[in-house]
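What follows is a single structure, written as structure tokens, with notes after it.
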Amino acid sequence: EKVEITKEQQALMKIITDAYNRHQIPQDVAKKLLQDQYSAEENFLLLTEMATSQVQVLVEFTKNIPGFLSLDREDQIALLKGSAVEAMFLRSAQVFSRKMPSGHTEVLEERIRKSGISEEFITPMFNFYKSIGELHMVQEEQALLTTVTILTPDRPYVKDQQAVERLQETMLDVLRKLCVLQHPQEPQYFARLLGRLTELRTLSHYHTEMLVSWRMNDHKFTPLLCEIWDV
Ligand SMILES: CC(C)c1onc(-c2c(Cl)cccc2Cl)c1COc1ccc2c(ccn2Cc2cccc(C(=O)O)c2)c1
2 EKVEITKEQQ
12 ALMKIITDAY
22 NRHQIPQDVA
32 KKLLQDQYSA
42 EENFLLLTEM
52 ATSQVQVLVE
62 FTKNIPGFLS
72 LDREDQIALL
82 KGSAVEAMFL
92 RSAQVFSRKM
102 PSGHTEVLEE
112 RIRKSGISEE
122 FITPMFNFYK
132 SIGELHMVQE
142 EQALLTTVTI
152 LTPDRPYVKD
162 QQAVERLQET
172 MLDVLRKLCV
182 LQHPQEPQYF
192 ARLLGRLTEL
202 RTLSHYHTEM
212 LVSWRMNDHK
222 FTPLLCEIWD
232 V
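Numbering follows the working numbering, in which position 176 of the sequence shown is assigned residue number 177; successive positions increment by one, without gaps.
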């Protein structure tokens with residue numbers, strides 16, 4: 002049957018996409034990528050600064066998701082803590098696949114590869130970046146996919162899962178229609194997008210191990226990262 006995005010869904014998509022595009026890492030942080038040294042120590046510090054800035058960007062973005070601030074306050078925190086790593090993997094994947102000014106991408110890749118992350122995590126991480134790049138998502142799809150990830154009902158400590166599920170379903174419906182309209186030749190495109198969310202969960206488990214090994218090598222994180230990642 003003919004797929005049609007309603008007026009309300011159009012408005013919802015605009016709010017989320019504008020919020021997604023409005024919040025970016027401050028240029029001075031992104032610019033630092035090109036300066037400074039390349040030691041594992043220096044790379045770790047730079048990436049820590051970027052992760053901290055990215056969490057602040059994420060919190061601001063989340064506040065713009067219609068309905069999010071009406072959720073139980075503790076559930077809002079549980080959703081943010083539970084989705085931060087996945088949202089940041091998505092964001093960094095999207096930055097790798099298009100946004101960065103040329104030259105930044107290689108530098109960023111270099112710094113991630115040389116920041117004390119073991120090879121067993123680097124490989125799946127860059128495979129993920131490649132698989133996201135191959136999807137050629139439009140910005141509305143990127144913003145909605147991040148929103149769907151944040152609104153995952155079964156995160157630890159979420160009390161009112163139904164309320165989160167209702168919000169997520171609203172977003173999934175818009176994303177499904179958008180995929181059909183944006184990729185008419187690829188009826189499976191929406192399913193492929195959701196398959197990436199499963200890959201994100203695996204990366205999130207790897208990330209927990211990355212944090213443990215950084216801790217064991219006495220790497221310090223910022224207070225905000227300690228709070229959101231319980232390290
Ligand atoms: C604490 C730190 C060492 C860390 O722990 N895990 C990860 C970590 C890693 Cl190593 C990979 C993926 C996710 C996380 Cl949390 C990181 C580094 O985190 C980031 C965070 C953001 C990243 C990157 C890489 C790119 N971006 C996004 C980006 C860069 C430049 C501009 C913009 C923008 O929005 O304008 C966004 C790394």
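C-beta: ideal position from N, C-alpha, C; glycine also.
- Relative to the non-hydrogen atoms of ligand 1, the Cβ of R114 never comes closer than 7 Å to any of them.
- For S84, the shortest C-beta to heavy atom distance toward ligand 1 is 7 Å or greater.
- Taking the Cβ of M138 as the reference point, every heavy atom of ligand 1 lies at 7 Å or farther away.
- Under the criterion of beta carbons closer than 8 Å, T147 and L91 qualify as touching, at roughly 5 Å.
- Look at M172: its beta carbon is at least 7 Å from all of the heavy atoms in ligand 1.
- V4 and L176 have their C-alpha atoms spaced approximately 12 Å apart.
- Cβ-Cβ distances below 8 Å link D73 to K160, D161, A164 in the same chain, with the five nearest sequence neighbours on each side left out; the list follows chain order.
- By alpha-carbon distance to T203, the top candidate from E142, Q57, L80, E121 is E121.
- For G117 against W230, the beta-carbon gap comes to about 16 Å, at or over 8 Å, which does not count as contact.
- Take V30, set aside five residues on each side of it, and the residues of its chain with a beta-carbon closer than 7 Å to its own are E50, M51, S54, in chain order.
- Under the three-state reduction of DSSP, M89 is assigned to helix.
- With a beta-carbon spacing of about 13 Å, L179 and L136 fall beyond the 8 Å limit used to define contacts.
- In this structure, the alpha-carbon of Y190 lies about 43 Å from that of D219.
- In the structure shown, Q11 falls within a helical segment according to DSSP collapsed to helix, strand and coil.
- Within 10 angstroms of the beta-carbon of G196 lie fewer than 16 other beta-carbons, which makes it exposed.
- Of the candidates P27, F45, I66, I66 places its Cα closest to the Cα of M172.
- Relative to Q95, the option among E142, T199, A192, I78 whose CA is nearest is E142.
- Residues of the same chain with a CB within less than 8 Å of the CB of E110, apart from the 5 flanking positions on each side, are F97, F127 in chain order.
- Around the beta carbon of A85, a 10 Å sphere encloses 16 or more other beta carbons of the protein chains shown; the residue is thus reported as buried.
- In this structure, A12 keeps its C-beta atom at 8 Å or more from the C-beta atom of L59.
- Check the Cα spacing between L198 and each of L182, Q36, V149, A20: the tightest is with V149.
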